[in-house]
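Protein chains in written order, with our numbering: chain A, 9 to 258; chain B, 9 to 258. For every residue, glycine included, the Cβ atom is placed at its ideal position computed from N, Cα and C.
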DNA sequence: AGATATTTGTTCGTATGTATT
DNA sequence: TAATACATACGAACAAATATC
């Protein structure tokens with residue numbers, strides 16, 4: 009467990025961080041396993057405190073470790089949280105033009121597959137959450153604030169399928185798109201009146217999708233979700249022109 | 009441009025990093041614009057050198073800034089490179105089970121759309137690269153090493169469509185899947201003989217797709233790419249069972 | 001090509017904050 | 001409460017890299 013510093017083309021802290029990553033892979037470390045503490049790591053890699061701190065900072069930002077203070081503290085292997093990865097990926101799109109039309113170009117392809125694949129895996133608790141989500145969107149909103157919350161709740165309905173999906177790549181992509189859309193919705197609701205007919209249309213689709221899910225009819229869910237996406241895409245264009253993209257983390 | 013340290017629930021370096029991100033958004037900073045140098049930032053935020061270095065390290069890992077030494081050096085706003093985001097997202101999937109079947113579940117949905125949407129945007133240079141890629145896969149491989157290179161080149165063929173796509177989200181997803189697949193291919197080629205008929209089948213599809221692209225027939229490209237994916241998916245199962253997922257960066 | 005100024009990169013020593021026992 | 005084991009933060013000095021003259 010030592011690093012060759014003879015040709016330090018990269019920074020020391022980066023070399024050490026890569027070495028620790030390889031160590032995690034090699035030793036088959038799992039989330040919850042602990043790394044040696046700062047002082048021991050300094051000795052192991054022969055670097056100073058400042059360098060090791062930069063190195064640990066790097067791993068922490070990547071979400072690979074979490075650091076806590078106090079006895080039994082120190083760096084610990086972590087499973088990268090969805091939120092962390094979503095924020096990091098959000099940075100990539102900051103300088104790109106990602107309008108609602110392009111989001112929906114991907115979303116309408118993935119959501120039907122996601123929903124269909126999740127159908128066999130939604131347990132009673134998840135079904136109850138779906139029903140609850142529908143309920144919250146079933147009442148006519150009395151304030152703009154409630155309107156906004158309902159719109160977020162509609163996206164949350166879709167997230168529930170993602171969380172039940174057996175395919176982590178499919179799930180991540182759909183949740184990420186929902187995150188981007190939800191930020192657009194938040195901004196939009198500050199400027200535009202929500203059309204009541206859009207709410208009712210979404211509500212009807214969500215109810216149909218829920219019924220087909222309870223019946224475990226995956227193909228019906230796929231078809232309904234596809235129709236739902238086509239309708240959403242139609243009035244998604246209004247989402248843009250107002251909002252700028254922004255860093256996810258705020 | 010100052011931070012409230014009274015209730016330091018987060019670490020100072022994280023607070024300062026978030027503040028700098030907000031500053032970048034607020035001031036509409038673009039890639040290439042420069043941040044104040046280390047010394048000035050220390051003074052601006054009233055933190056020590058070590059803390060500011062951790063903060064800059066964080067932004068550098070996220071890909072938001074690049075730092076260089078020497079006169080006219082210092083931290084500079086950067087457009088997050090694809091490679092950086094792909095590595096960071098790769099970390100997310102390290103502890104998840106992402107087999108070839110699940111990769112293809114997404115890939116077969118996205119690649120036809122990607123290719124069709126890229127057709128109008130492929131210029132002569134890109135078409136030449138497509139032709140060149142096909143050529144390199146057209147000869148019977150004489151060594152396992154060449155076999156491996158051909159397989160990577162096949163994935164490169166698809167990347168060329170991604171690079172021409174007007175949809176950055178679609179493009180990122182497809183390239184990322186190709187990256188994950190290419191690592192599986194590398195490992196696989198160490199253990200299994202490549203079937204010659206798979207090479208010939210891929211070659212035939214790539215030629216047809218190329219012809220349809222030259223003819224600017226987006227719908228034909230979409231259909232051919234879909235058939236291509238269905239065939240690939242059929243013999244993709246062999247890819248797994250051997251390779252473990254790994255951190256992307258190595 | 002070489003010297004120099006500028007800027008980051010690294011180290012050490014020390015002090016403080018925080019959570020566990 | 002006190003002792004302990006950690007991370008967190010500061011400051012000064014020195015090393016290394018690089019653009020410019």
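Query	Result
Touch test, the stretch 162-173 of chain B against the stretch 79-92 of chain A, Cβ-Cβ under 8 angstroms, three pairs minimum	no
Chain A contact for residue 250 of chain B (CB, 8 angstroms cutoff)	Legend: pLDDT at residue 250 of chain B = 48, less than 50; position of this residue unreliable, no value from coordinates given.
Proximity to residue 85 of chain B [Cα-Cα], best of B:108, B:40, B:113 and B:23	B:40
Helix, strand or coil at residue 190 of chain A [DSSP, three-state]	helix
Beta-carbon proximity of residue 135 of chain B to residue 222 of chain B, cut-off 8 angstroms	yes
At least three beta-carbon pairs within less than 8 angstroms, the stretch 46-60 of chain B to the stretch 95-108 of chain B	no
Top-ranked residue by Cα proximity to residue 231 of chain B, from B:214, B:162, B:165 and B:173	B:214
Endpoints, beta strand (DSSP E) assigned at residue 93 of chain B	Looking at the DSSP string, residue 93 of chain B is not in any beta strand (DSSP E); the run it does join, the alpha helix (DSSP H), is 90-100.
Min CB distance residue 158 of chain A to chain B below 8 angstroms	no
Interface partners of residue 229 of chain A on chain B, CB under 8 angstroms	Neighbours of residue 229 of chain A on chain B: none; closest Cβ ~16 angstroms, over 8 angstroms.
Boundaries (first-last residue) of the alpha helix (DSSP H) holding residue 58 of chain B	57-69
CB contact flag (residue 76 of chain B, residue 25 of chain B, <8 angstroms)	no
is_contact[residue 168 of chain B, chain A] using C-beta, thresh 8 angstroms	no
Burial state of residue 147 of chain A (16 or more Cβ within 10 Å)	exposed
Cα-Cα separation between residue 49 of chain A and residue 183 of chain A, rounded to whole angstroms	37 angstroms
Interface residues of chain B facing residue 70 of chain A [CB-CB closer than 8 angstroms]	69, 96 and 99
Inter-residue Cα distance where the pair is residue 244 of chain A and residue 180 of chain B	22 angstroms
One or two residues paired with residue 85 of chain B in a DSSP bridge	B:73
Residue 158 of chain B classed as buried or exposed, judged by whether at least 16 other C-beta atoms fall within 10 angstroms	buried
Proximity test, Cβ basis, 8 angstroms: residue 35 of chain B and chain A	no
Strand pairing of residue 42 of chain A, partner residues [DSSP]	A:84
For residue 113 of chain B, the nearest candidate out of A:82, A:152 and A:117 (CA to CA)	A:117
8 angstroms Cβ cutoff, residue 58 of chain B in contact with chain A	yes
Contact set between residue 113 of chain A and chain B, taken where Cβ atoms lie within less than 9 angstroms	121, 125, 175, 177 and 178
Three-state secondary structure assigned by DSSP to residue 256 of chain A	Caution is warranted here: a pLDDT of 48 is assigned to residue 256 of chain A, below 50, making its placement in the model unreliable, and the coordinate value is therefore given only provisionally. Residue 256 of chain A falls in the coil class under three-state DSSP.
Residue closest to residue 72 of chain A, alpha-carbon to alpha-carbon, out of A:31, A:236 and A:47	A:31
Any alpha helix (DSSP H) of 4 or more consecutive residues that is wholly inside the stretch 201-225 of chain B	204-222
Nearest-angstrom Cα separation, counted from residue 145 of chain B out to residue 220 of chain A	46 angstroms
Short CB-CB distance (under 8 angstroms) between residue 24 of chain B and chain A	no
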